[in-house]
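In UniProt numbering, the protein residues as written are 1 to 487. What follows is a short report on a single structure.
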């Protein structure tokens, strides 16, 4: 039995299964979404569906498929319905929920159904645009927006907005809230600048450009939710569109406009949806507590024989290292007037739950890809802030650096993908650990400054590197957990 509107009433009732609202098929189309990917379906579409189930948003999504690859057959056969399996750990408790999402009304292919997409501009209920066109989607391309269709995402969006402006004769109330979810900083601001530049290139009338810039709202946003590429979860019906997501979810949108807030009521149904005048706090928490912890732990965990993040969390010494790293070194370094200690601690515990998720295979070796640049971007600011605030060398960050150097020496069991691989290979040639540390940490080409000049840092990294070599990563980690973290 395949999931569809027809078969929906026949599905067996289950305590952990959420079915659509009774009137789901009759709700008006309010959202234009560029992208069919699992992140959009697992996060924004989840919030929309949840709000619909509670009678708050009451709107559905028209999805635009921009590429000609693949087809929309599954969406059509299933009437836009798909199952979202939420799996993971929350507050130390295992979560398994199945949500049948009915937010998608239809999927239109830009290459063959462009006029139908433009026709959506005449819908007075339309109020929201969402996109995820990958990091290279928000780019300026000089092109005619009257093509059928334009090639780039910004040109497609501008064509839609121009059609809407013309149909409603510049009505200021018919502007759209536009929320790109592409994983680039200031995604909304960048998209807004491209739209205006593209309108000028197309020599569109000044009145339209005024309407575009004053009555449409491009919001910066940050999304955070792991959605594995494929889900292998047994179900009692067929669903070609089934996805799995972790329990944790965040969609942070930057705005102080009441007009925008009124059109985004999703915070009333889920704490993972946040409206804030500044979302940099959420970006910083994610970058330092999740990403930096991953980066500082990846080499150490791999050398200790732990292949995945969830396996590491079942290792008491490694789990203690990651928790101690966040609580004792990263949080003291990043808390300030914007990031409160209690908020950072709550975020850190949520990260630990995410790391424990038994349903996600996150391999440390994959996290080690481009290791050096990740250390520089994610970890270096924390190291410098910690030293500036305390005047001390952070022991656990130093251990992460030592493991990084040892991993970058290379080994028969793994290959290294790193732009600085040759530099490390040269540094390790016939050199003692102290010299390796001096040559690598002191390389301003890599770090932008001489890290060996930080008082005591090179000495701490050298001592730990020697212990990792002599004792082995797991044995030394067990000793560190006892002597430093748990003492």
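Positions of the beta carbon are idealized from the N, C-alpha and C atoms, including for glycine. Remember, predicted model here, so these are calculated numbers, not experimental data.
Backbone secondary structure at residue i - three-state DSSP
i, result
"residue 489", "No information on residue 489 is available, as it lies outside the stretch 1 to 487 that the chain covers here."
"residue 217", "strand"
"residue 306", "coil"
"residue 446", "helix"
"residue 3", "coil"
"residue 363", "strand"
"residue 399", "helix"
"residue 393", "coil"
"residue 130", "strand"
"residue 93", "strand"
"residue 238", "strand"
"residue 139", "coil"
"residue 314", "coil"
"residue 280", "helix"
"residue 564", "Residue 564 is absent from the structure shown; the chain starts at 1 and stops at 487."
"residue 232", "coil"
"residue 356", "coil"
"residue 269", "coil"
"residue 257", "coil"
"residue 149", "coil"
"residue 440", "helix"
"residue 202", "coil"
"residue 526", "Lying outside 1 to 487, the shown extent of the chain, residue 526 is not represented and no answer is given."
"residue 42", "helix"
"residue 263", "coil"
"residue 78", "coil"
"residue 56", "coil"
Sheet register partners of residue i (DSSP bridge)
i, result
"residue 244", "85"
"residue 252", "222 and 274"
"residue 63", "33 and 107"
"residue 414", "411"
"residue 17", "98"
"residue 338", "DSSP output for residue 338 lists no bridge partner at all."
Neighbour-count burial assignment, residue i, 16 or more Cβ in a 10 Å radius
i, result
"residue 124", "exposed"
"residue 182", "buried"
"residue 318", "buried"
"residue 13", "exposed"
"residue 101", "buried"
"residue 430", "exposed"
"residue 426", "exposed"
At a cut of 8 Å, does the stretch 128-147 reach the stretch 91-102 through at least three beta carbon pairs? Short answer: they don't touch.
On the three-pair Cβ rule with 8 Å, is the stretch 244-261 touching the stretch 60-71? The answer is no - the stretch 60-71 does not touch the stretch 244-261, with fewer than three Cβ pairs under 8 Å.
Contiguous beta strand (DSSP E) assignments of at least 3 residues, all confined to the stretch 159-185: The beta strand (DSSP E) runs of length 3 or more contained entirely in the stretch 159-185 are, from start to end of the chain, 177-180.
Are the stretch 259-269 and the stretch 366-375 touching by the rule of at least three beta carbon pairs closer than 8 Å? Per the Cβ contact rule, the stretch 259-269 is not in contact with the stretch 366-375 (fewer than 3 Cβ pairs under 8 Å).
Three Cβ pairs or more, each shorter than 8 Å: is that satisfied between the stretch 322-334 and the stretch 286-296? The way I'd put it, the stretch 322-334 does touch the stretch 286-296; three or more beta-carbon pairs between them come closer than 8 Å.
If we count Cβ pairs, one from each stretch, closer than 8 Å, do we get three or more for the stretch 189-202 versus the stretch 146-163? A contact between stretches requires three or more CB pairs, one per stretch, nearer than 8 Å, and the stretch 189-202 meets this requirement with the stretch 146-163.
Is the stretch 96-111 touching the stretch 11-30, taking contact as three or more C-beta pairs under 8 Å? Here the stretch 96-111 makes contact with the stretch 11-30; the two share three or more CB pairs at distances below 8 Å.
Per the contact definition of three or more C-beta pairs closer than 8 Å, is the stretch 44-54 in contact with the stretch 202-212? No contact exists between the stretch 202-212 and the stretch 44-54.
Does the stretch 376-391 come within contact of the stretch 340-349, defined as at least 3 CB pairs closer than 8 Å? The answer is no - the stretch 340-349 does not touch the stretch 376-391, with fewer than three Cβ pairs under 8 Å.
Between the stretch 265-279 and the stretch 53-64, are three or more C-beta pairs nearer than 8 Å? Taking 8 Å as the limit for Cβ pairs, the verdict is that the stretch 53-64 does touch the stretch 265-279.
Any 3 or more C-beta pairs closer than 8 Å across the stretch 466-476 and the stretch 300-315: The stretch 466-476 is in contact with the stretch 300-315.
Report yes or no: do the stretch 171-186 and the stretch 225-240 share at least 3 C-beta pairs separated by less than 8 Å? The stretch 171-186 vs the stretch 225-240: no contact.
Touch check for the stretch 7-26 and the stretch 137-154: three-plus C-beta pairs under 8 Å? Under the 8 Å Cβ criterion, the stretch 7-26 does not count as touching the stretch 137-154, having fewer than three qualifying pairs.
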